[in-house]
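Below: the structure, in structure tokens.
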Amino acid sequence: MPRILTVAAAQVGPVHLTSSKEETVERLLALFNTAASQGAQLIVYPELTLTTFFPRHLFQNGDELDKWFEKGDISESPLLKPLFEAAAEKKVDFYFGYAELTVDSKHYNSSFYYSAELGKIISRYRKVHLPGTFEPFAKADAVNQLEKRYFLPGDIPFDAFRAPGLIKGALKKGQEATGSTIGKGDPILGQLICNDRRWPEPWRVYGLQGMELMLIGYNTTSHSPELWGSKKPMTLDEEYKEVMFHHKLVMQANSYGNSCFSVCAARAGADDGKWGMIGGSCIIDPQGHIVAETKTDDDEVVVAAIDLEDCRQGKEKIFDFDRHRRTEHYGLISEQTGVKEPELLE
Ligand code: CDV
Numbered sequence: 004m005p006r007i008l009t010v011a012a013a014q015v016g017p018v019h020l021t022s023s024k025e026e027t028v029e030r031l032l033a034l035f036n037t038a039a040s041q042g043a044q045l046i047v048y049p050e051l052t053l054t055t056f057f058p059r060h061l062f063q064n065g066d067e068l069d070k071w072f073e074k075g076d077i078s079e080s081p082l083l084k085p086l087f088e089a090a091a092e093k094k095v096d097f098y099f100g101y102a103e104l105t106v107d108s109k110h111y112n113s114s115f116y117y118s119a120e121l122g123k124i125i126s127r128y129r130k131v132h133l134p135g136t137f138e139p140f141a142k143a144d145a146v147n148q149l150e151k152r153y154f155l156p157g158d159i160p161f162d163a164f165r166a167p168g169l170i171k172g173a174l175k176k177g178q179e180a181t182g183s184t185i186g187k188g189d190p191i192l193g194q195l196i197c198n199d200r201r202w203p204e205p206w207r208v209y210g211l212q213g214m215e216l217m218l219i220g221y222n223t224t225s226h227s228p229e230l231w232g233s234k235k236p237m238t239l240d241e242e243y244k245e246v247m248f249h250h251k252l253v254m255q256a257n258s259y260g261n262s263c264f265s266v267c268a269a270r271a272g273a274d275d276g277k278w279g280m281i282g283g284s285c286i287i288d289p290q291g292h293i294v295a296e297t298k299t300d301d302d303e304v305v306v307a308a309i310d311l312e313d314c315r316q317g318k319e320k321i322f323d324f325d326r327h328r329r330t331e332h333y334g335l336i337s338e339q340t341g342v343k344e345p346e347l348l349e
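Counting with the working numbering, you get residues 4 to 349 for the letters of the sequence shown.
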């Protein structure tokens, strides 16, 4: 039975240090309307959607830092009210990344999933893999990534969740006839944020919950030799291509290895005319193929109708976890963090 839904990635182009959050929300609404007019039922926005990528700058703790964050429960934010209203009115779900400041003053790089069917946020996530450094790089003109300074690592498990109202005829609890219910219910979704996408572990944890559609927002700098550590000198163009290559590599490989679709949305382009970030927002199928992809580094939407039934091929054959995984050999994955090499030879 086909299980078709239409998904969109809403890529957001440059957002400057002086851009107001309100003007950015106007742009997000324009992207929302474009996606909704093309039939999107689910829209993915980027990581830290409301501001410039502030972790590249050094700020003092306190008000100077906190102005980049949304305080308290985001579902009550007056700033996002127009987006929640548009989603409720047009019956469109969305994933959204933002900087979260909790009521007890904790800072996280967070995302949420809003279900239009239920009229509320049904899943929250906080970025687990925080890249970069705590202290700025020594080189004065280096592009910094101070996420370890500004955010706590996420404390919410990689919990897959089902979103109602997206698939016609989805099997519900209590309706089970004879036979398996697997691959027949409401879509099973997962959320990650930016650097998380490079790590196979969270994909697998979601994969083990039958995740069919991964949602990811990102801000990926196209130029930061200090961060990427390449030994080979590169032109800006070569560096951009290399960063884009790795972005697509991990998205395609992890979608394939977990037999799921994925949608990822970039905060792209040159913030303040100089801090370049890649575009490459895309929709990927469970065989690892890109089915839709942005062409610019500006505000742009890509939309595709996907059939979650296509996840069954991988989940039942090559990546049938139940038949082929060998957990007795995977202990180190969760027991050990860093690398311990075998002893040197005599
Ligand atoms: N915002 C990010 O997490 N960015 C990282 C760094 C390494 C550029 C990324 O993985 O894309």
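Heads up, the beta-carbon is just placed ideally off N, CA and C, and yes, glycines get one too.
Run the proximity test for N222: is its beta-carbon closer than 7 Å to any non-hydrogen atom belonging to ligand 1?
Yes, since a heavy atom of ligand 1 falls inside the 7 Å radius drawn around the Cβ of N222.
Check the DSSP bridge columns for S80 and list the partner residues they point to.
Paired residue(s): none; S80 is not in a bridge.
Expressed to the nearest angstrom, what Euclidean distance is found between the alpha-carbon atoms of Q44 and G122?
Straight-line Cα distance between these residues: approximately 14 Å.
Would the beta-carbon of Y396 fall within 8 Å of that of L216?
The chain is shown from 4 up to 349; residue 396 falls before or after that span and cannot be answered.
Below 8 Å CB to CB, which residues in the same chain sit around F137 once its five sequence neighbours on both sides are set aside?
Once the five neighbours on either side are set aside, the close Cβ partners of F137 are L149, K151, R152.
Would you say L239 touches ligand 1, meaning its beta carbon is less than 7 Å from a heavy atom?
L239 Cβ: outside cutoff for every heavy atom of ligand 1.
Under 8 Å, do Y111 and G220 count as touching if we go by C-beta distance?
Not closer than 8 Å, so no.
Whole-angstrom Cβ separation of D66 and L169, contact assumed at under 8 Å?
Not quite, the Cβ-Cβ distance comes to about 41 Å (not below 8 Å), so this is no contact.
Would V18 be called buried (16 or more neighbouring beta carbons within 10 Å of its own) or exposed?
When all chains shown are included, V18 counts as buried.
Can you list the beta strand (DSSP E) stretches of 3 or more residues lying completely in the stretch 287-318, in chain order?
Within the stretch 287-318, the complete beta strand (DSSP E) runs of at least 3 residues are 293-296, 303-310.
Quick check: does the Cβ of P134 come within less than 7 Å of any heavy atom belonging to ligand 1?
True, at least one ligand heavy atom lies under 7 Å from that Cβ.
How would you label R6, buried or exposed, when you count the other beta carbons within 10 angstroms and need 16 or more for buried?
Classification of R6: buried, given that the 10 Å Cβ count is 16 or more.
Between the stretch 283-293 and the stretch 246-257, do three or more beta carbon pairs fall short of 8 Å?
Result yes; three or more Cβ-Cβ pairs closer than 8 Å.
Between which two residues does the beta strand (DSSP E) holding L192 run?
Run containing L192: 191-196, per the beta strand (DSSP E) assignment.
Using 8 Å as the Cβ pair cut-off and three pairs as the minimum, do the stretch 220-236 and the stretch 180-193 touch?
Cβ pair count under 8 Å is below three, so no.
If you compare alpha carbons, which of L252, D310, G210 is closest to F322?
It is G210 whose Cα lies nearest to the Cα of F322.
Mind checking whether V306 and G16 have CB atoms under 8 Å apart?
Contact: no.
Can you have a look at G193 and say buried or exposed, based on whether 16 or more other CB atoms are within 10 angstroms of its CB?
By the neighbour-count rule (16 or more Cβ atoms within 10 Å), G193 is buried.
If you drop the 5 nearest sequence neighbours on each side, which residues of the same chain put their C-beta closer than 6 Å to that of S227?
Counting only Cβ-Cβ distances below 6 Å, and skipping sequence neighbours, we find V146.
Reducing DSSP to helix, strand and coil, say where F87 ends up.
Three-state DSSP puts F87 in a helix.
Bridge partners of W278, per DSSP?
Its beta-bridge partners are D274.
Using C-beta distances below 8 Å, list every residue in its chain close to C314, excluding the 5 sequence neighbours before and after it, in chain order.
Excluding residues within five positions, the ones whose Cβ falls inside 8 Å are G186, E215, S262, C263, F264, P289.
Quick one: is the Cβ of C197 within less than 7 Å of any heavy atom of ligand 1?
Yes, ligand 1 has a heavy atom inside 7 Å of this Cβ.
Who are I2's beta bridge partners in DSSP?
The structure shown does not extend to residue 2, since the chain is modelled only from 4 through 349, so no value can be given for it.
Once you ignore the five residues that flank M4 on each side, which residues in its own chain have a CB closer than 8 Å to its CB?
Excluding positions up to five away in sequence, the list reads G172, K187, E312.
Could you tell me the boundaries of the beta strand (DSSP E) in which L45 lies?
First-last of the beta strand (DSSP E) with L45: 45-47.
Determine the direct distance from the alpha carbon of D107 to that of H60, and round the result to whole angstroms.
Rounded to whole angstroms, H60 to D107 spans 24 Å at the Cα level.
Can you name the start and end residues of the beta strand (DSSP E) that N112 belongs to?
Taken as a continuous stretch (DSSP letters only), the beta strand (DSSP E) holding N112 covers 110-118.
DSSP beta-bridge partners for G220?
According to DSSP, G220 bridges with I196, A268.
DSSP on V106, reduced to helix/strand/coil?
The answer is coil: DSSP assigns V106 none of H, G, I, E or B.
From the DSSP output, read off the bridge partner residues of L174.
Looking at the DSSP assignment, L174 forms a beta bridge with G188.
Using the C-alpha atoms, what's the distance from L218 back to F164?
Near 12 Å, if we compare the C-alpha coordinates of L218 and F164.
Evaluate the contact criterion for the stretch 86-103 versus the stretch 19-39: three or more CB pairs, one atom per stretch, below 8 Å.
Enough Cβ pairs lie closer than 8 Å, so yes.
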